[in-house]
Amino acid sequence: MTRPTVLVLLDSPARSVEEVRPAVLELITLGRTLGRVDVVTLGAPSVEVLATLGAYGVELVHQAQLPTSVPEQSYRLTSVLASVLTTAVRRNDADVLLVPSSFAGKEAAAVTAARLGAGLVVDAASLSWGGDGAAPLRIGKRVFGGTWDTVSTVASDPAVVTIRANAVVAEPAEVATSATVEPLPVEVHAPQVTVVERTLKARTIGRPTLEEAAVVVAGGRGTNGDFGPVNELAEALGAAVGATRDVVFEGWFDRYIGQTGVTVAPRLYVGAGISGAPHHRGGMQASQVVVAVNNDPEAPIFEISDFAVVGDLADVLPQAAAVIRAHKESQQAG
Amino acid sequence: MRIVVLLKYVPDITSDRRFEDGRVVRDPAVGSLNELDENAVEAALQLIEAQPEGEHEVVAVTVAPATADIAVRKAYQMGVQRGIRVTDDALAGSDYFGTTAALAAAVRRLGDEQPVDLVITGMAALDGLGSVVPALLAEELGWPQLTLAKTVALDDGALTITREADDAYETLSAPLPAVLSVTDTANSPRYPNFKLIMAARSKAVEEWSAADLGLDPADVGIAAARTVTVEAAPRPPRPELQLVVDKGEGGTALAEFLIRNDLV
Ligand SMILES: Cc1cc2nc3c(=O)[nH]c(=O)nc-3n(C[C@H](O)[C@H](O)[C@H](O)COP(=O)(O)OP(=O)(O)OC[C@H]3O[C@@H](n4cnc5c(N)ncnc54)[C@H](O)[C@@H]3O)c2cc1C
């Protein structure tokens, strides 16, 4: 095989791309281990974005040119995104297509694979070529709520894969390049779905999103509705905050982790006042280190924890936060 | 109005699942209707109940071995009129695309009898959690897809949903026929009704084969799978739990654990 080409979707919530999300940088880092990495985007990248892409070794950015009959609101519809991805893979003759594992990313990747007749693996965690550096692509994935590790091969060229956030640590390339933008004309029919309204979610400034965060602090029913201690620890750790479904149904918080909520696989997950029901575990069990705080010594979450405190979260979390803040300050001073 | 609800029979999530020779092995005794498909059944029943009197039908379809009748029966108990199980050795080992081909063929065959207005699915199956079959099915049928709905409204032949997509709140609308998937926040599934429970006991589940659907065995099952599981192993056990009982120093111990392990 000549040097393989890997195509990465530069996922952006808006028409113009103002930042490269951590998940995309992770995909580019992973892609570099397989071959040359190009990115495809629906928006116009800013100068800063091009500089970042260059630092990560990307030379070519394919910017989709969509017909004016497709309103900007509709750019994230599966049918539109899939047309962009399919066109980019064909025009580039890409061997691997990598897409972040968001719901929109998974649907678009699946439809793209269907149109290309390609094999699809979703929510993968690792990628490598076979023993002698050749196809088929070997794709690692954690299944059954994080209790089994599997490797699948995709024999088709291209292979379409969605990758979980935090699967690898993003690292710039050894040799930086300069990234140039090339227009990618895309033919797409007017979508059958109308986007009546689309409002971007507010992001907490300086805090990572739950999906992408390397550290997550989650609160359960044991908070009794007071997320103060959870927020305090999250702030000290620079972590994203999550919850259980029961908490969201109570109206105490707005986003939950679990099989039907957000799937997280951070370096560190701290669960406070969370029992560890199977539905919740399914969305966090792949976390590298699990820490739990629960006043019930029999809490099931302890079964999958590395470190746990039996105690009241209202006492334990603020104390931990204070020690961490003091530690950070002493490090900065030193 | 005629709605097809897609059901999946899934193993209990607390039961042991394992791989043997690259295939998933599950204990057939401990399984049930995928809980998230109950939301799909509920959504279908509510849409029908909101229609003016007339000829309406909710048909449940599953692609599975005979054990899946438990799942169809649960749908009968909730009020679904007709249940179909597509079962064929040729379908074993199907990947997303093979499964979608079989489901699409079943929807087409039902449509040949009498038009289908809507296909409804749950947002994911709790065993695999791929969440891509609804989108693939819409693509295969050439119908619009409205996935991950939190609210559903039908007005003048157009379906409008609201949803919380990854980074945005959206309101989407599309004409029928369409493929809809609903989240577990879309509704609260009703409890089986006693009369229907009794009736469900004697209700048969129709069985269709791959040939009945005109499926080419080369397009489905293990023969057509585009990915192969070549390795599977239980995750290495976690190091032993370090448990601290808080006697006033629990938070400090927690912080020290994080600092020691370079997690701060
Ligand atoms: C179809 C379906 C899908 C679901 N999907 C999800 C999902 O995706 N995500 C999800 O999270 N759930 C999901 N659930 C719900 C899930 O089954 C559990 O009900 C839920 O996770 C429990 O939340 P919890 O741990 O906050 O509450 P509980 O189970 O009530 O646990 C609260 C814990 O807090 C402890 N506690 C109480 N007070 C304190 C205190 N002061 N200090 C410390 N600890 C304290 C208690 O000992 C207890 O262990 C789903 C359920 C269904 C049926």
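Just so you know, the protein sequences line up as chains A and B, in that order.
All residue numbers for the first sequence refer to our numbering, where the first residue is 1 and numbers rise by one.
All residue numbers for the second sequence refer to our numbering, where the first residue is 1001 and numbers rise by one.
By construction, the Cβ of each residue, glycine as well, lies at the ideal position given by its N, Cα and C atoms.
Item checked: Spatially closest choice to Ser12 of chain A from A:His189, A:Gly43, A:Ala277, A:Ala113, by CA coordinates -> To locate residue 12 of chain A, count along the first sequence from 1; it is residue 12. The shortest Cα separation from Ser12 of chain A among A:His189, A:Gly43, A:Ala277, A:Ala113 belongs to A:Gly43.
Note to self: On the DSSP letters alone, give me the boundaries of the beta strand (DSSP E) that Lys1074 of chain B sits inside.
What the structure shows: Residue 1074 of chain B sits at position 74 when you count from the first residue of the second sequence. Boundaries around Lys1074 of chain B are those of the alpha helix (DSSP H), 1069-1078, since no beta strand (DSSP E) includes it.
Check: How long is the line joining the alpha carbons of Leu1172 of chain B and Val195 of chain A, rounded to whole angstroms?
Finding: As a working note, residue 1172 of chain B is residue 172 in the second sequence. As a working note, residue 195 of chain A is residue 195 in the first sequence. Here the C-alpha atom of Leu1172 of chain B lies approximately 5 angstroms from the C-alpha atom of Val195 of chain A.
Notebook entry, point to check: Going by the C-beta, is Val293 of chain A closer than 7 angstroms to any heavy atom of ligand 1?
Noted result: For the purposes of this step, residue 293 of chain A is taken as the residue at position 293 of the first sequence. Result yes, Cβ under 7 angstroms from ligand 1.
Notebook entry, point to check: Can you give the beta carbon distance from Leu34 of chain A to Trp129 of chain A, rounded, assuming they're within the 8 angstroms contact cut?
Noted result: As a position in the first sequence, residue 34 of chain A is number 34, starting the count at 1. As a position in the first sequence, residue 129 of chain A is number 129, starting the count at 1. Between the beta-carbon of Leu34 of chain A and that of Trp129 of chain A there is about 6 angstroms, and that keeps the pair under the 8 angstroms contact cut.
Check: How about Thr1229 of chain B: is its Cβ closer than 7 angstroms to a heavy atom in ligand 1?
Finding: Counting from 1 along the second sequence, the entry for residue 1229 of chain B is found at position 229. Judged by the Cβ position, Thr1229 of chain B fails to qualify as a neighbour of ligand 1 at the 7 angstroms threshold, every heavy atom of the ligand being at least this far.
Checklist line | Chain-order list of residues whose beta-carbon lies under 6 angstroms from that of Gln288 of chain A (same chain, five-residue window excluded) | finding: In the first sequence, counting from the first residue as 1, residue 288 of chain A sits at position 288. Around Gln288 of chain A: Arg267.
Checklist line | Tyr1096 of chain B at chain A interface by Cβ criterion, 8 angstroms | finding: In the second sequence, the residue the question calls residue 1096 of chain B occupies position 96. At least one chain A Cβ lies under 8 angstroms of Tyr1096 of chain B.
Margin query: Beta-carbon within less than 7 angstroms of Leu137 of chain A's beta-carbon, same chain only, minus the 5 sequence neighbours each way: which residues are those?
Written below: On the first sequence, position 137 is the one that residue 137 of chain A refers to. Here Leu137 of chain A has Val96, Leu127, Trp129, Thr153, Val154, Ala159 as same chain residues with Cβ atoms under 7 angstroms from its own Cβ, once five neighbours each way along the sequence are excluded.
Next item on the list: Would you please verify whether the beta carbon of Phe103 of chain A is less than 8 angstroms from any beta carbon of chain B?
Entry: Your numbering for residue 103 of chain A matches position 103 in the first sequence. Phe103 of chain A counts as touching chain B.
Next item on the list: With a floor of 3 residues, list each beta strand (DSSP E) that falls wholly inside the segment 135-203 of chain A, ordered by position along the chain.
Entry: Here the runs fully enclosed are 137-143, 148-154, 159-163, 180-185, 194-200.
Check: Is it right to say Leu1243 of chain B is buried, meaning 16 or more other beta carbons lie within 10 angstroms of its own, or is it exposed?
Finding: For the purposes of this step, residue 1243 of chain B is taken as the residue at position 243 of the second sequence. Leu1243 of chain B sits exposed, since fewer than 16 C-beta atoms from the chains shown fall within 10 Å of its C-beta.
Note to self: Suppose contacts are defined by Cβ-Cβ distances below 8 angstroms. Is Leu1146 of chain B in contact with Thr1100 of chain B by that definition?
What the structure shows: Counted from its first residue, the second sequence places residue 1146 of chain B at position 146. Counted from its first residue, the second sequence places residue 1100 of chain B at position 100. It is not a contact, given that the beta carbons lie outside the stated cut-off.
Next item on the list: Pull up the distance between the alpha-carbon of Gln319 of chain A and that of Ala234 of chain A, whole angstroms please.
Entry: Here the question's residue 319 of chain A lines up with position 319 in the first sequence. Here the question's residue 234 of chain A lines up with position 234 in the first sequence. Between the C-alpha atoms of Gln319 of chain A and Ala234 of chain A there is a straight-line separation of about 13 angstroms.
Notebook entry, point to check: For Ile1070 of chain B and chain A, any beta-carbon pair shorter than 8 angstroms?
Noted result: Here residue 1070 of chain B corresponds to residue number 70 of the second sequence, with the count starting at 1. Not closer than 8 angstroms to any Cβ of chain A, the Cβ of Ile1070 of chain B fails to qualify, so no.
Note to self: I need the DSSP call for His1056 of chain B, collapsed to helix, strand or coil.
What the structure shows: Here residue 1056 of chain B refers to the residue found at position 56 when the second sequence is read from its first residue. His1056 of chain B falls in the coil class under three-state DSSP.
Next item on the list: Could you please give the first and the last residue of the uninterrupted beta strand (DSSP E) stretch that includes Phe1064 of chain B?
Entry: Residue 1064 of chain B sits at position 64 when you count from the first residue of the second sequence. Strictly speaking, residue 1064 of chain B in this sequence is Ala, with Phe absent from that position. Element bounds for Ala1064 of chain B: n/a, residue is neither H nor E.
Margin query: So for Glu26 of chain A, helix, strand or coil by DSSP?
Written below: Here residue 26 of chain A refers to the residue found at position 26 when the first sequence is read from its first residue. Under the three-state reduction of DSSP output, Glu26 of chain A falls in the helix class.
Item checked: Contact belief for Asp1156 of chain B with Met1001 of chain B at Cβ below 8 angstroms, rounded distance in angstroms -> As a working note, residue 1156 of chain B is residue 156 in the second sequence. As a working note, residue 1001 of chain B is residue 1 in the second sequence. Not confirmed; about 13 angstroms, so no contact.
Item checked: Burial state of Lys1195 of chain B (16 or more Cβ within 10 Å) -> Along the second sequence, read from residue 1 onward, the residue named residue 1195 of chain B stands at position 195. The C-beta of Lys1195 of chain B has fewer than 16 other C-beta atoms within 10 Å across all chains shown, which makes the residue exposed.
Next item on the list: Quick one: using the 10 Å Cβ neighbour count with 16 as the cut-off for buried, is Lys1247 of chain B buried or exposed?
Entry: On the second sequence, residue 1247 of chain B is found 247 positions in, with the first residue counted as 1. Answer is exposed; the Cβ neighbour count stays below 16.
Item checked: Neighbour-count burial assignment, Asp296 of chain A, 16 or more Cβ in a 10 Å radius -> Locating residue 296 of chain A in the first sequence gives position 296, counting from the first residue. Per the 10 Å Cβ criterion, exposed.
Next item on the list: Could you check the C-alpha separation between Phe103 of chain A and Thr244 of chain A for me, to the nearest Å?
Entry: On the first sequence, residue 103 of chain A is found 103 positions in, with the first residue counted as 1. On the first sequence, residue 244 of chain A is found 244 positions in, with the first residue counted as 1. Going from the Cα of Phe103 of chain A to the Cα of Thr244 of chain A covers about 19 angstroms.
Notebook entry, point to check: Do Pro1134 of chain B and Val1179 of chain B have their CB atoms nearer than 8 angstroms?
Noted result: As a first step, residue 1134 of chain B must be located in the second sequence, where it is residue number 134. As a first step, residue 1179 of chain B must be located in the second sequence, where it is residue number 179. Yes; because the gap between Cβ atoms is below 8 angstroms, this pair is in contact.
Notebook entry, point to check: Do we get a CB-CB distance below 8 angstroms when we pair Gly119 of chain A with the residues of chain B?
Noted result: Here residue 119 of chain A corresponds to residue number 119 of the first sequence, with the count starting at 1. Answer yes: the Cβ-Cβ gap between Gly119 of chain A and chain B drops below 8 angstroms somewhere.
Next item on the list: Helix, strand or coil for Ala321 of chain A, going by three-state DSSP, please let me know.
Entry: The count along the first sequence starts at 1 and reaches residue 321 of chain A at position 321. Assigned with DSSP and collapsed to three states, Ala321 of chain A falls in helix.
Check: Where DSSP assigns a beta bridge to His62 of chain A, which residues make up the other side?
Finding: Indexing the first sequence from 1 puts residue 62 of chain A at position 62. In the DSSP assignment, the residues bridged to His62 of chain A are A:Val40, A:Glu182.
Note to self: Just to confirm before moving on: does the CB-CB distance between Val373 of chain A and Arg255 of chain A stay below 8 angstroms?
What the structure shows: What the structure shows of chain A is the stretch from 1 to 334, and residue 373 of chain A is not part of that stretch, so it cannot be assessed.
Next item on the list: Going by CA-CA distance only, name the one from A:Val323, A:Ile274, A:Lys328 that's closest to Leu313 of chain A.
Entry: Residue numbering aside, residue 313 of chain A sits at position 313 when the first sequence is read from its first letter. Residue A:Ile274 is the option with its Cα nearest to Leu313 of chain A.
Margin query: Can you look up Thr2 of chain A in the DSSP assignment and give me helix, strand or coil?
Written below: Mapped onto the first sequence, residue 2 of chain A falls at position 2. Coil.
Checklist line | 8 angstroms Cβ cutoff, Asp1155 of chain B in contact with chain A | finding: What you label residue 1155 of chain B is simply residue 155 of the second sequence in a count that begins at 1. False, the Cβ-Cβ gap to chain A never drops below 8 angstroms.
Checklist line | Top-ranked residue by Cα proximity to Pro1239 of chain B, from A:Leu7, A:Ile324, A:Phe307, A:Val230 | finding: Here residue 1239 of chain B corresponds to residue number 239 of the second sequence, with the count starting at 1. Cα-wise, what sits closest to Pro1239 of chain B is A:Phe307.
Checklist line | Proximal chain B residues relative to Phe307 of chain A, where beta-carbon distance stays under 9 angstroms | finding: To locate residue 307 of chain A, count along the first sequence from 1; it is residue 307. Against chain B, the beta carbon of Phe307 of chain A has neighbours under 9 angstroms at Leu1241, Gln1242, Leu1243, Val1244, Ala1253, Leu1254, Phe1257, Leu1258, Asn1261, listed in chain order.
Next item on the list: Mind listing the chain E neighbours of Ala1168 of chain B? Cutoff is C-beta to C-beta under 7 angstroms, in chain order.
Entry: Among the protein chains of the structure shown, namely A and B, there is no chain E.
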